[in-house]
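K.L.:
The structure under discussion is supplied below as structure tokens; questions concerning it will follow.
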Amino acid sequence: MKRILAILLFAGSLSGETFDHYLKRFDYNERTEMKIKSLEAIELYKMGEVEFVDIRFKEEQAIWSFPFMKMIPLNELPDRLNELDKNKTIVTVCPHYDRAEMARIFLTLKGFKSRYLTDGLIGLAGYLRGDEAKEFIEEMKKR
Numbered sequence: 002m003k004r005i006l007a008i009l010l011f012a013g014s015l016s017g018e019t020f021d022h023y024l025k026r027f028d029y030n031e032r033t034e035m036k037i038k039s040l041e042a043i044e045l046y047k048m049g050e051v052e053f054v055d056i057r058f059k060e061e062q063a064i065w066s067f068p069f070m071k072m073i074p075l076n077e078l079p080d081r082l083n084e085l086d087k088n089k090t091i092v093t094v095c096p097h098y099d100r101a102e103m104a105r106i107f108l109t110l111k112g113f114k115s116r117y118l119t120d121g122l123i124g125l126a127g128y129l130r131g132d133e134a135k136e137f138i139e140e141m142k143k144r
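For the sequence shown, the residue numbers in this note's numbering are 2 to 144.
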């Protein structure tokens, strides 16, 4: 936990907003807005409003992944910010949500609008199966 806090403090010191400032402005609205569930995230993705970023390690991504997501491991994120669209909400994802929340805080401190997927990649995989997967693929082909 100390390492996570140190990373977040360092990340904030390199941007326009410090981690201290972020914490001071943290309120119930931010607590709600920082999270997103699979159903809402997919709907916003279909409308072109969000960009998914899978922040798992490369080895994890090699085992299974979603073709519509950018794959940027958490430890590479600081060097790859230029790959992200500042005009979209960045939805960070990992199997559960611990690393996704770290990435979300980092991106927020860097000036991105970001949220983390609360049900994680496991929840998303559960949502995008069967008919939902088929409909999603068909809709994406139309774009």
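Each residue gets a CB set at the ideal place from its N, CA and C atoms; glycine is no exception.
Taking Cβ positions, are Tyr117 and Arg130 nearer each other than 8 Å?
P.N.:
For the purposes of this step, residue 117 is identified with residue 116 of the sequence shown, where counting begins at 1. For the purposes of this step, residue 130 is identified with residue 129 of the sequence shown, where counting begins at 1. For Tyr117 and Arg130, no; Cβs fall outside 8 Å.
K.L.:
Note down, one range per segment and in chain order, each alpha helix (DSSP H) of at least 4 residues found wholly within the stretch 82-115.
P.N.:
99-110
K.L.:
With the cut-off set at 8 Å, would you say Ser39 and Tyr98 are in Cβ contact?
P.N.:
Here the question's residue 39 lines up with position 38 in the sequence shown. Here the question's residue 98 lines up with position 97 in the sequence shown. Their beta carbons are not under 8 Å apart, which means Ser39 does not touch Tyr98 by this criterion.
K.L.:
What residue range does the alpha helix (DSSP H) around Glu18 cover?
P.N.:
For the purposes of this step, residue 18 is taken as the residue at position 17 of the sequence shown. Run containing Glu18: none; DSSP gives neither H nor E here.
K.L.:
Where Trp65 and Glu50 are concerned, what is the direct C-alpha to C-alpha distance, given to the nearest angstrom?
P.N.:
As a first step, residue 65 is located in the sequence shown; it is residue number 64 there, counting from the start. As a first step, residue 50 is located in the sequence shown; it is residue number 49 there, counting from the start. Those two C-alpha atoms are separated by around 24 Å.
K.L.:
Are Ile43 and Thr119 touching if we call contact CB-CB under 8 Å?
P.N.:
Your numbering for residue 43 matches position 42 in the sequence shown. Your numbering for residue 119 matches position 118 in the sequence shown. In this structure, Ile43 keeps its C-beta atom at 8 Å or more from the C-beta atom of Thr119.
K.L.:
What is the DSSP secondary structure of Met141, reduced to helix, strand or coil?
P.N.:
Your numbering for residue 141 matches position 140 in the sequence shown. Met141: helix per DSSP, three-state reduction.
K.L.:
Does the distance from the C-beta atom of Phe69 to that of Phe58 stay below 8 Å?
P.N.:
For the purposes of this step, residue 69 is taken as the residue at position 68 of the sequence shown. For the purposes of this step, residue 58 is taken as the residue at position 57 of the sequence shown. In this structure, Phe58 does not lie closer than 8 Å to Phe69 by Cβ.
K.L.:
Let me know the secondary structure DSSP gives Gly13 once reduced to three states.
P.N.:
The count along the sequence shown starts at 1 and reaches residue 13 at position 12. Here the model assigns Gly13 a pLDDT of 47, short of 50, so the residue's position is not dependable, and the following value carries that caveat. Helix at Gly13.
K.L.:
What is the rounded straight-line gap between the Cα of Glu18 and the Cα of Leu110?
P.N.:
Working through the sequence shown from its first residue, we reach residue 18 at position 17. Working through the sequence shown from its first residue, we reach residue 110 at position 109. Each residue's alpha carbon lies about 5 Å from the other.
K.L.:
At the level of alpha carbons, what is the spacing between Met141 and Ala126?
P.N.:
By 1-based counting over the sequence shown, the position of residue 141 is 140. By 1-based counting over the sequence shown, the position of residue 126 is 125. In a straight line, the C-alpha of Met141 is about 17 Å away from that of Ala126.
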